[in-house]
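In my numbering, the protein residues as written are 112 to 515. We put the CB at the ideal spot given by N, CA and C, even for glycine. Predicted model, so just to flag it, every value in this text is computed and none were measured. The structure appears below as structure tokens.
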Amino acid sequence: MKIVGAEVFVTCPGRNFVTLKITTDSGLIGYGDATLNGRELSVASYLKDHLCPQLVGRDAHRIEDIWQFFYKGAYWRRGPVTMSAISAVDMALWDIKAKAANMPLYQLLGGASREGVMVYCHTTGHTIDDVLEDYARHKEMGFKAIRVQCGVPGMKTTYGMSKGKGLAYEPATKGQWPEEQLWSTEKYLDFTPKLFDAVRNQFGFDEHLLHDMHHRLTPIEAARFGKSIEDYRLFWMEDPTPAENQACFRLIRQHTVTPIAVGEVFNSIWDCKQLIEEQLIDYIRTTITHAGGITGMRRIADFASLYQVRTGSHGPSDLSPVCMAAALHFDLWVPNFGVQEYMGYSEQMLDVFPHSWTFDNGYMHPGDKPGLGIEFDEKLAAKYPYDPAYLPVARLEDGTLWNW
Numbered sequence: 112m113k114i115v116g117a118e119v120f121v122t123c124p125g126r127n128f129v130t131l132k133i134t135t136d137s138g139l140i141g142y143g144d145a146t147l148n149g150r151e152l153s154v155a156s157y158l159k160d161h162l163c164p165q166l167v168g169r170d171a172h173r174i175e176d177i178w179q180f181f182y183k184g185a186y187w188r189r190g191p192v193t194m195s196a197i198s199a200v201d202m203a204l205w206d207i208k209a210k211a212a213n214m215p216l217y218q219l220l221g222g223a224s225r226e227g228v229m230v231y232c233h234t235t236g237h238t239i240d241d242v243l244e245d246y247a248r249h250k251e252m253g254f255k256a257i258r259v260q261c262g263v264p265g266m267k268t269t270y271g272m273s274k275g276k277g278l279a280y281e282p283a284t285k286g287q288w289p290e291e292q293l294w295s296t297e298k299y300l301d302f303t304p305k306l307f308d309a310v311r312n313q314f315g316f317d318e319h320l321l322h323d324m325h326h327r328l329t330p331i332e333a334a335r336f337g338k339s340i341e342d343y344r345l346f347w348m349e350d351p352t353p354a355e356n357q358a359c360f361r362l363i364r365q366h367t368v369t370p371i372a373v374g375e376v377f378n379s380i381w382d383c384k385q386l387i388e389e390q391l392i393d394y395i396r397t398t399i400t401h402a403g404g405i406t407g408m409r410r411i412a413d414f415a416s417l418y419q420v421r422t423g424s425h426g427p428s429d430l431s432p433v434c435m436a437a438a439l440h441f442d443l444w445v446p447n448f449g450v451q452e453y454m455g456y457s458e459q460m461l462d463v464f465p466h467s468w469t470f471d472n473g474y475m476h477p478g479d480k481p482g483l484g485i486e487f488d489e490k491l492a493a494k495y496p497y498d499p500a501y502l503p504v505a506r507l508e509d510g511t512l513w514n515w
């Protein structure tokens, strides 16, 4: 089964998405997500100018060989742009292979390891009362795992806080320049335990409680914070400190038993190696769109399983529904599954990407259509051209650039 075409589409039905379409001589089509928030055009160009011409004429079944060709053949390995492009190719080829086998992808991977995929939602608000109201709404929807983020008194805005009551969290700002936000670690550390206390006092411990620190703390600050919140029994604290210095997680581990989740910015198994091997984390958050597709994620998950580290894949709505479909198939199969992030998509987005997944009482299922179970409406996508948008940057109150 030969590849006869490879096309790249950039569309913005509310958010910018990069979609790869691979066509075979049998008529089968596969889709992959190559979205990299704020750098979408870089990945689109990488695909159009370099990978797509080298795909035509290849055997679509040779997924591993194609993966290795683009990974090793580039010489300049890894990095978010390269790996997002490779991920899209890999996703599309697995979509084709599963369609050729006339089975959903999770069956091709080895079959379901569970009946459904537990997903966690995002709750947010400017105040604790706002968060409690949002939490109650998501609890009523059936979510078993809920992330809480809140505005911090004395700070105009912060990560995870929506732009208005009742609005979904959207961090990116339209235009050619990122928003600059002020950050105070002291205010955050003083306030956030009060948020967890309010949630547990009102709702108890029935739901898994998650929180994202978004790389903001130093190692010793993260250690102190993790220790201070142990009574609230968080499912995890996410990205407590930048993961470039992986050895620093030993310090955090020595001071707290609050579980740690890291990896949404990782691009390959090599980024994960030390954290997993030394059991410095509990959940690995790599995502199919950025870490080498299904092929790359299988390697990471298999390696993590040796050390009892579970998956908790990144799943914001700045990764397209193609990624979410692939993630749900992967999650249903992978033995060492933990949880899957799910922010949801607007009706406008889902019109462009018709899907077969379902949500029921806190769990999702990818559906049983052959392949990924996702489609792409090219004509509708063309009505939503690329619209520049960037994630914010953070500065300390004295003006020092910080980790957003």
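Starting from residue 203, follow the alpha helix (DSSP H) in both directions and report where the run begins and ends. As a first step, residue 203 is located in the sequence shown; it is residue number 92 there, counting from the start. Where residue 203 is concerned, the enclosing alpha helix (DSSP H) stretches over 191 to 211.
Can you name, in chain order, every residue of its own chain whose Cβ lies under 6 Å from the Cβ of residue 233, other than the five neighbours on each side? Reading the sequence shown from its first residue, position 122 is the one you call residue 233. Excluding positions up to five away in sequence, the list reads 258, 280 and 454.
4-residue-minimum alpha helix (DSSP H) runs that sit fully inside the segment 122 to 169, ordered along the chain: 151 to 157 and 163 to 166
Cutoff 7 Å; reference residue 446; Cβ partners in own chain excluding five residues on either side: Mapped onto the sequence shown, residue 446 falls at position 335. Excluding positions up to five away in sequence, the list reads 224 and 416.
Does the contact criterion of 3 or more C-beta pairs under 8 Å hold for the segment 390 to 404 versus the segment 208 to 215? no
Among 158, 126, 478 and 355, which has the Cα closest to the Cα of residue 443? Along the sequence shown, one-based indexing puts residue 443 at 332. Selected option, being the one with the closest Cα: 478.
Just tell me which of 325, 343, 290 and 302 has its CA closest to the CA of residue 313. Taking the first residue of the sequence shown as position 1, residue 313 is located at position 202. When only C-alpha atoms are compared, the closest one is 343.
DSSP state of residue 375, grouped into three classes? Counting from one through the sequence shown, the residue named residue 375 turns up at place 264. If DSSP states are grouped into helix, strand and coil, residue 375 belongs with coil.
Tell me whether residue 485 sits in a helix, a strand or coil according to DSSP, three-state version. Here residue 485 is taken as the residue at index 374 of the sequence shown, counted from 1. Three-state result, residue 485: strand.
Which listed residue (231, 323 and 499) has its alpha carbon closest to that of residue 256: Counting from one through the sequence shown, the residue named residue 256 turns up at place 145. Checking every option, the nearest Cα to that of residue 256 belongs to 231.
Three-state class that DSSP yields for residue 460 in the structure shown: Numbered from 1 along the sequence shown, position 349 holds the residue referred to as residue 460. In the three-state reduction of the DSSP assignment, residue 460 falls in the helix class, which pools H, G and I.
Any C-beta of chain D under 8 Å from that of residue 136: The chain inventory of the structure shown lacks chain D, comprising one protein chain alone.
Might you give, ordered along the chain, the residues of its own chain that have their beta carbon closer than 8 Å to the beta carbon of residue 341, omitting 5 neighbours on each side? Taking the first residue of the sequence shown as 1, we reach residue 341 at position 230. Here the set comprises 367, 368 and 369.
Using the C-alpha atoms, what's the distance from residue 486 back to residue 121? In the sequence shown, the residue the question calls residue 121 occupies position 10. In the sequence shown, the residue the question calls residue 486 occupies position 375. Rounded to the nearest angstrom, the two C-alpha atoms are 15 Å apart.
First and last residue of the alpha helix (DSSP H) that includes residue 340? Taking the sequence shown and counting its residues from 1, the one referred to as residue 340 is at position 229. Premise fails: residue 340 is in no alpha helix (DSSP H) and is neither H nor E.
Classification of residue 441 by the beta-carbon crowding that lies within 10 angstroms, buried from 16 upward: Translated into positions along the sequence shown, residue 441 becomes position 330. Buried.
Check whether the Cβ atoms of residue 432 and residue 464 sit closer than 8 Å, and answer yes or no. In the sequence shown, residue 432 corresponds to position 321, counting from 1. In the sequence shown, residue 464 corresponds to position 353, counting from 1. In this structure, residue 464 lies closer than 8 Å to residue 432 by Cβ.
Answer with buried or exposed for residue 190, where buried requires no fewer than 16 other C-beta atoms within 10 angstroms of its C-beta. The residue you call residue 190 lines up with position 79 of the sequence shown. The residue in question, residue 190, is exposed, as its Cβ has fewer than 16 Cβ neighbours within 10 Å.
Under DSSP, the alpha helix (DSSP H) around residue 220 begins and ends at which residues? In the sequence shown, residue 220 corresponds to position 109, counting from 1. First-last of the alpha helix (DSSP H) with residue 220: 216 to 220.
Under the DSSP definition of a beta bridge, which residues are partnered with residue 259? Sequence index remark: in the sequence shown, residue 259 carries index 148 (1-based). Note: residue 259 sits in a beta bridge opposite 234.
Proximal residues to residue 388 (C-beta, below 7 Å), its chain only, five neighbours per side dropped: Translated into positions along the sequence shown, residue 388 becomes position 277. Around residue 388: 418.
Have a look at 169, 165 and 214 and flag the residue whose alpha-carbon is nearest the alpha-carbon of residue 196. On the sequence shown, position 85 is the one that residue 196 refers to. Selected option, being the one with the closest Cα: 165.
Rounded C-alpha distance that separates residue 323 from residue 187: Counting from 1 along the sequence shown, the entry for residue 323 is found at position 212. Counting from 1 along the sequence shown, the entry for residue 187 is found at position 76. If I take the Cα positions, the gap works out to 32 Å.
Hey, could you find the ends of the alpha helix (DSSP H) residue 366 is sitting in? Position 255 of the sequence shown holds residue 366. Looking at the DSSP string, the run of the alpha helix (DSSP H) that includes residue 366 is 360 to 366.
Supposed contact pair residue 171 and residue 113 - C-beta distance, whole angstroms, cut 8 Å: Translated into the one-based positions of the sequence shown, residue 113 becomes position 2. Translated into the one-based positions of the sequence shown, residue 171 becomes position 60. Indeed, because the Cβ distance is near 7 Å, the residues count as touching under 8 Å.
At the level of alpha carbons, what is the spacing between residue 345 and residue 493? In the sequence shown, residue 345 corresponds to position 234, counting from 1. In the sequence shown, residue 493 corresponds to position 382, counting from 1. Looking at the two C-alpha atoms, the distance is approximately 43 Å.
When the distance is taken between beta carbons, is residue 429 closer than 8 Å to residue 126? One-based indexing of the sequence shown puts residue 126 at position 15. One-based indexing of the sequence shown puts residue 429 at position 318. Yes.
Is residue 176 closer than 8 Å to residue 404 when the C-beta atoms are compared? As a position in the sequence shown, residue 404 is number 293, starting the count at 1. As a position in the sequence shown, residue 176 is number 65, starting the count at 1. One thing to note: residue 404 has its Cβ no nearer than 8 Å to the Cβ of residue 176.
Keeping to the same chain, check which residues put their C-beta closer than 6 Å to that of residue 253; ignore five residues upstream and five downstream. The sequence position of residue 253 within the sequence shown is 142, counting from 1. The residues are 472 and 473.
Should residue 530 go down as buried or exposed, given a rule of 16 or more other Cβ atoms within 10 Å for buried? Past the boundaries of the shown model lies residue 530; the chain is included only from 112 to 515, so the question cannot be answered.
If you measure between the beta carbons of residue 133 and residue 204, is that distance less than 8 Å? For this step, residue 133 is matched to residue 22 along the sequence shown. For this step, residue 204 is matched to residue 93 along the sequence shown. Result yes, Cβ atoms of residue 133 and residue 204 sit closer than 8 Å.
Please classify residue 363 as buried or exposed, where buried requires at least 16 other C-beta atoms within 10 Å of its C-beta. On the sequence shown, residue 363 is found 252 positions in, with the first residue counted as 1. It is buried - the Cβ of residue 363 has at least 16 other Cβ atoms within 10 Å.
Counting only runs that start and end within the segment 414 to 475, where is the beta strand (DSSP E) found for 3 or more residues in a row? Secondary structure remark: continuous beta strand (DSSP E) runs of at least 3 residues inside the segment 414 to 475, in chain order: 469 to 471.
Name the two residues that bound the continuous alpha helix (DSSP H) containing residue 381. Start at 1 with the first residue of the sequence shown, and residue 381 comes out as number 270. Annotation: the continuous alpha helix (DSSP H) that includes residue 381 extends over 380 to 388.
Measuring CB to CB, does residue 502 end up less than 8 Å from residue 515? Counting from 1 along the sequence shown, the entry for residue 502 is found at position 391. Counting from 1 along the sequence shown, the entry for residue 515 is found at position 404. Yes. Within cutoff.
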